[in-house]
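Trainee: Sharing a structure below in structure tokens format, with a few things to ask.
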Amino acid sequence: MRDTVMLIIKNFFNMNEAALLYICESGDGKQYMRSRLFEYWFSSYQMKDKFILMPVSIEDMEGIENFAALIIRKDNPNIIDIVADFSNTVAMFRVKPNSHD
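Okay, structure coming up:
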């Protein structure tokens with residue numbers, strides 16, 4: 112499975128000068144394990160030095176921790192803006208609204 116996932120990522124970046132956002136499925140409560148496994152796979156990827164991997168976790172309103180990551184090529188001409196937008200979006204989702212009963 113690792114090789115298949117890494118091939119999908121390689122093909123995505125061969126066809127796109129974009130960023131890739133992934134979110135770990137959380138329906139069965141195994142999202143943390145999925146995130147750790149992906150980070151492990153990515154750490155052994157032969158082309159990892161060409162990319163930035165920015166994993167994050169965000170707790171939702173029900174207290175469930177969700178895991179996501181941005182993957183972007185280091186030579187992306189829009190890297191500064193994309194990373195800033197991603198960081199700002201994550202920060203926005205981490206702020207919980209006040210309940211006004």
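Just so it is clear: in the sequence shown, position 42 is 153 by this note's numbering, and no numbers are missing.
The beta-carbon is built from N, C-alpha and C at its ideal position, and this holds for glycine as well.
All of these numbers come straight from a predicted model, not from anything done at the bench.
Which of the three DSSP states, helix, strand or coil, is assigned to Met117?
Mentor: As a first step, residue 117 must be located in the sequence shown, where it is residue number 6. In this structure, Met117 counts as helix in the three-state DSSP scheme.
Trainee: Are the stretch 201-208 and the stretch 148-161 in contact at 8 Å, needing three or more beta carbon pairs?
Mentor: With a cut-off of 8 Å, the stretch 148-161 and the stretch 201-208 do not count as touching, because too few Cβ pairs lie within range.
Trainee: Whose C-beta lies closer than 8 Å to the C-beta of Ile134 among residues of the same chain, with five residues either side of it excluded?
Mentor: Against the sequence shown, residue 134 aligns to sequence position 23. Closer than 8 Å at the Cβ level, and outside the excluded window around Ile134, lie Asn177, Phe178, Ala179.
Trainee: I need the straight-line Cα distance from Phe197 to Pro188, nearest angstrom please.
Mentor: To locate residue 197, count along the sequence shown from 1; it is residue 86. To locate residue 188, count along the sequence shown from 1; it is residue 77. When rounded, the distance between both Cα atoms is 16 Å.
Trainee: Which one or two residues does DSSP pair with Met165 in a beta bridge?
Mentor: Residue 165 sits at position 54 when you count from the first residue of the sequence shown. Beta-bridge pairing links Met165 to Leu181.
Trainee: Measure the CB-CB distance between Arg184 and Lys161 and report whether it falls below 7 Å.
Mentor: The residue you call residue 184 lines up with position 73 of the sequence shown. The residue you call residue 161 lines up with position 50 of the sequence shown. Contact: yes.
Trainee: Using DSSP bridges, identify the partner residues of Ile131.
Mentor: Here the question's residue 131 lines up with position 20 in the sequence shown. Note that residue 131 corresponds to Leu in the displayed sequence, not to Ile. Bridge partners of Leu131: Ile182.
Trainee: Looking at the unbroken alpha helix (DSSP H) that takes in Glu150, where does it start and where does it end?
Mentor: For this step, residue 150 is matched to residue 39 along the sequence shown. Glu150 -> alpha helix (DSSP H) spans 142-154.
Trainee: Taking Arg113 as the reference, give the member of Val206, Leu132, Ile169, Tyr156 with the closest Cα.
Mentor: Residue numbering aside, residue 113 sits at position 2 when the sequence shown is read from its first letter. For Arg113, the nearest C-alpha among the options comes from Tyr156.
Trainee: Less than 6 Å separating the Cβ of Leu131 from some heavy atom of the ligand HEM?
Mentor: Ligands are entirely absent from the displayed structure, and the ligand HEM is therefore not among its contents.
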